[in-house]
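Protein chains in written order, with the numbering used here: chain R, 17 to 414; chain H, 746 to 1116.
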């Protein structure tokens, strides 16, 4: 008997994430730090293993080095398996041709042999830019129950934002009769979450057809899903209720980090019944000094806090020196905020030094927008970074 | 990689010193500094010296130790050749498990014989330090020593069993005492239970001891042969915390709040421990935390001062926790007052309780208790 996996997950992680600006200068979006110790990709990977899916192909293309290193052999997610496990799938040179991934559907098409190796009945397509907890097994059960060719996870969004999404127009039983990609005048507010389950043979068939089609942009939302619907395939929506956030923009990334705070947070990463696994920092417990004040914040291991931290999320090994104030901000690992410096309403990437007395951003109520500091830069003593600025070079004289 | 060595950690041998914390676990698996167990310091020092094989000698109560160690991957010790090798007591129906260090060593001769490394670093899992084992090995080679004993200068001792050494100018130890009476205020060279010896030499010692029916490594071997063997002392000047009693445990825990101590121990960030995937700690609006170490997974709503919080500790609203060591998953309800308290794992302190100890006699709450 051929060994097989019932369901193989394919995780699209090639996106550049250009709307995250300086944060994705050198790394792929799914590798962006989130929630003090996580990276965005921890969420779909943890969802997979928690849902009993242990075979995951991660399709990378844009700046994959850090993401590849982070995933490694998959051990932190229990995805180091002798049959299955997590595999990085980069574009490769084939005998006949070699090409970059052209669209989401093309990326999957080019890795057909990877999927077929596991002889799966179902393929789960995921993207690496959302923060959410979801049991894919329940969705798979729904897919099997309806006998659909494709099931699309969907969530209700505010009508005013519906035109930013792929919108599903569905019948009472949840079957889809129309699929509109970012419609100007949406008929419903049921948005596709970019999570699809296909019956494997249907997926292979439509990917092959799409590849031959001239002028196709080789995208699931624009090409493959509409083609399936046109051909009369049975397509169902799967309603998801719960927290789901696309963190593809600076403001969404900031907000989603803030959603973790409080006793009863909008999104709880501390829920032990659905653990979010990640690569853990090698660091001692955080130290909060006599002079420190830490209020309504999340602080990761290895931090040393001597100043004031309010309404903020701090990743591992961040130092906030005496007199420094960090407020309404997301600070990523190894960053140092020196004496009397202030950081307000900002996202500061890894390994940044904000020198003494420097001022980054402004109070949230006065700010023009979120200030962003890219990784490995220094803001000189007493220098100022205006609110809303996105900076990826040293600021001020050193 | 000039020097090759295996590590051996005796996890139970000092259990008697701190029954409060070692009744459910081995000495080596006593939790320390918020997210570690004592064995993490021994293991990390060995691993950081390039040692990739460590035998773990156990006797009893080693379930929590095995759970902690797992496959050894968190210390980079999940290896095809070597890695972590558990050495539970070797005994049959008629023989009881080993009673002393010498018998423990006899029980692991098979392990020692099958290794190929030149040296053995013998380690009791009872001390917290950042000891450069590679430097000890270098010293051992340069001194052409048979045995190198690591010692530090102590002004008091609080242990059931201890050895003091007198090295001469060259470092050679020509006399050593077992459990000598000490006057208060005297400085002594206290052996810190870390020793380096050539593997073949160690096997010879054990062999001879078996044939001559000896039963104490300290008395019958070290003390008796101190003149004829080349025993050298390696002086360790760094921070050392020997966990020899509950008050000492408390005192050394509090020393982790000292920046210099913390930076010496953890500065280069390579003390390894088991990973548990806890969420980062949350400080709720209105919480106040001063001069404390907080591990991951904590949720703090109250006031915490001069304390060590292990993973997953909750401190409820209106509670004040001062000078405490709260181990993993301790839950402190609302409006409690805790001062100089040590809670073992999974302790629940219900709302409005007041517990107080003092530095010399911290109030101890045993594992799993609900108050």
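All C-beta atoms in this analysis are idealised placements derived from N, C-alpha and C, irrespective of residue type, glycine included.
*Could you name the residues of the same chain whose beta carbon sits closer than 6 Å to that of residue 1100 of chain H, not counting the 5 residues immediately before and after it, in chain order?*
Within the same chain, residue 1100 of chain H has close Cβ partners 1083, 1086 and 1108.
*Tell me, please, whether the segment 71 to 88 of chain R touches the segment 36 to 44 of chain R by the rule of three or more beta-carbon pairs shorter than 8 Å.*
Result yes; three or more Cβ-Cβ pairs closer than 8 Å.
*Coil, strand or helix - residue 185 of chain R by DSSP*: In this structure, DSSP gives residue 185 of chain R an extended state, which the three-state scheme calls strand.
_Please state the DSSP three-state secondary structure of residue 1020 of chain H._
Secondary structure of residue 1020 of chain H (DSSP, three-state): coil.
*Assumed close pair residue 56 of chain R, residue 145 of chain R - CB separation to whole angstroms, cut-off 8 Å*: Contact flag correct, Cβ pair sits at about 6 Å.
_For residue 328 of chain R and residue 147 of chain R, believed in contact at Cβ under 8 Å, the rounded distance_ = Not confirmed; about 18 Å, so no contact.
*Buried or exposed: which applies to residue 19 of chain R, given that a residue is buried once 16 or more other Cβ atoms fall within 10 Å of its Cβ?*
With fewer than 16 Cβ atoms within 10 Å of its Cβ, residue 19 of chain R is classed as exposed.
*Between residue 310 of chain R and residue 335 of chain R, which are expected to be in contact by the criterion C-beta below 8 Å, what is the C-beta distance as a whole number of angstroms?*
For a cut-off of 8 Å, the C-beta gap from residue 310 of chain R to residue 335 of chain R is around 13 Å, too long to register as a contact.
*For residue 103 of chain R, which beta-bridge partners are listed by DSSP?*
Answer is R:73.
*Any Cβ of chain H within less than 8 Å of the Cβ of residue 304 of chain R?*
So, interface residue.
_Every unbroken beta strand (DSSP E) inside the segment 242 to 311 of chain R [3 residues or more]_ = Complete beta strand (DSSP E) runs here, min 3: 251 to 255, 260 to 262, 302 to 304 and 309 to 311.
*What three-state label does DSSP hand residue 405 of chain R in the structure shown?*
In this structure, residue 405 of chain R counts as coil in the three-state DSSP scheme.
_Whole alpha helix (DSSP H) elements within the segment 884 to 914 of chain H, 4-residue minimum_ = At a cut-off of 4 residues, not a single continuous stretch assigned as alpha helix (DSSP H) sits fully inside the segment 884 to 914 of chain H.
*So what does DSSP say about residue 856 of chain H, is it helix, strand or coil?*
Residue state for residue 856 of chain H is assigned as helix, using DSSP reduced to three classes.
*Do you know whose CA, among H:806, H:810, H:752 and H:921, lies nearest residue 789 of chain H's CA?*
The residue with the shortest Cα to Cα distance from residue 789 of chain H is H:752.
*Answer with yes or no whether the minimum CB distance from residue 1042 of chain H to chain R is below 8 Å.*
At least one C-beta of chain R is nearer than 8 Å to the C-beta of residue 1042 of chain H.
*Contacts around residue 880 of chain H, its chain only, beta-carbon distance under 7 Å, and the 5 residues preceding and following it disregarded*: So no residue of the chain qualifies.
*For residue 53 of chain R, which residues in chain H fall below 8 Å Cβ to Cβ?*
Result: 1024, 1025 and 1041.
*Answer with yes or no whether the minimum CB distance from residue 825 of chain H to chain R is below 8 Å.*
No, residue 825 of chain H lies away from the interface with chain R (no Cβ there is under 8 Å from its Cβ).
*Ignore the nearest five residues each way along the sequence and tell me which others in residue 1098 of chain H's own chain have a CB closer than 6 Å to its CB.*
Within the same chain, 1081 and 1116 come within 6 Å of residue 1098 of chain H by CB-CB distance, once the 5 residues on both sides are set aside.
_Excluding the 5 residues flanking residue 94 of chain R on each side, which residues of the same chain have their C-beta closer than 8 Å to its C-beta?_
Shown here for residue 94 of chain R: same chain residues with a beta carbon closer than 8 Å to its own, the five before and five after excluded, namely 65, 70 and 293 in chain order.
*Within 8 Å (strictly less), CB to CB, does residue 296 of chain R reach chain H?*
With 8 Å as the cut-off, residue 296 of chain R counts as an interface residue toward chain H.
*Roughly how many angstroms lie between the CA atoms of residue 16 of chain R and residue 1040 of chain H, to the nearest whole one?*
As displayed, chain R neither begins before 17 nor continues past 414, which places residue 16 of chain R out of reach and without an answer.
*Three or more beta-carbon pairs under 8 Å between the segment 22 to 32 of chain R and the segment 254 to 262 of chain R, yes or no?*
Taking a cut-off of 8 Å on C-beta distances, the segment 22 to 32 of chain R does not touch the segment 254 to 262 of chain R, as fewer than three cross pairs fall below it.
*With 16 other CB atoms within 10 Å as the buried threshold, where does residue 813 of chain H fall?*
Residue 813 of chain H is buried by the Cβ-count criterion.
*Could you round the C-beta distance between residue 939 of chain H and residue 876 of chain H to whole angstroms and report it? I think they count as a contact, below 8 Å.*
Separation of the CB atoms of residue 939 of chain H and residue 876 of chain H is rounded to 6 Å, and the pair is thereby assigned contact status at 8 Å.
*Could you name the residues of chain H that residue 312 of chain R contacts, counting a contact when the two beta carbons are closer than 9 Å?*
Residues of chain H passing the Cβ test: 1027, 1028, 1029, 1030, 1031 and 1032.
*asked:* Under DSSP, the alpha helix (DSSP H) around residue 159 of chain R begins and ends at which residues?
replied: Looking at the DSSP string, the run of the alpha helix (DSSP H) that includes residue 159 of chain R is 152 to 162.
*Kindly indicate which residue of R:289, R:278 and R:325 has the alpha-carbon position closest to the one of residue 356 of chain R.*
Closest option to residue 356 of chain R, Cα to Cα, is R:325.
*In whole angstroms, what separates the C-alpha of residue 359 of chain R from that of residue 389 of chain R?*
Between the alpha carbons of residue 359 of chain R and residue 389 of chain R lies a gap of roughly 10 Å.
*Examine the ligand FMN and report whether any of its heavy atoms sits within less than 7 Å of the Cβ of residue 141 of chain R.*
Among the ligands in the structure shown, none appear at all, so the ligand FMN cannot be discussed.
*Does residue 984 of chain H get closer than 8 Å to chain R when you measure Cβ to Cβ?*
Nearest CB-CB separation between residue 984 of chain H and chain R: not below the 8 Å threshold.
*Kindly confirm or deny that the segment 962 to 972 of chain H and the segment 857 to 876 of chain H touch, where touching means at least three C-beta pairs closer than 8 Å.*
By the Cβ rule, the segment 962 to 972 of chain H does not count as touching the segment 857 to 876 of chain H, because fewer than three pairs are nearer than 8 Å.
*Please list the partners that residue 778 of chain H has in chain R, where partner means a Cβ-to-Cβ separation under 9 Å.*
Residues of chain R passing the Cβ test: 300 and 301.
*For residue 748 of chain H, which of helix, strand or coil comes out of DSSP?*
Secondary structure of residue 748 of chain H (DSSP, three-state): coil.
*In angstroms, rounded to a whole number, what distance separates the CA positions of residue 410 of chain R and residue 392 of chain R?*
Just so you know, the alpha carbons of residue 410 of chain R and residue 392 of chain R end up roughly 9 Å apart.
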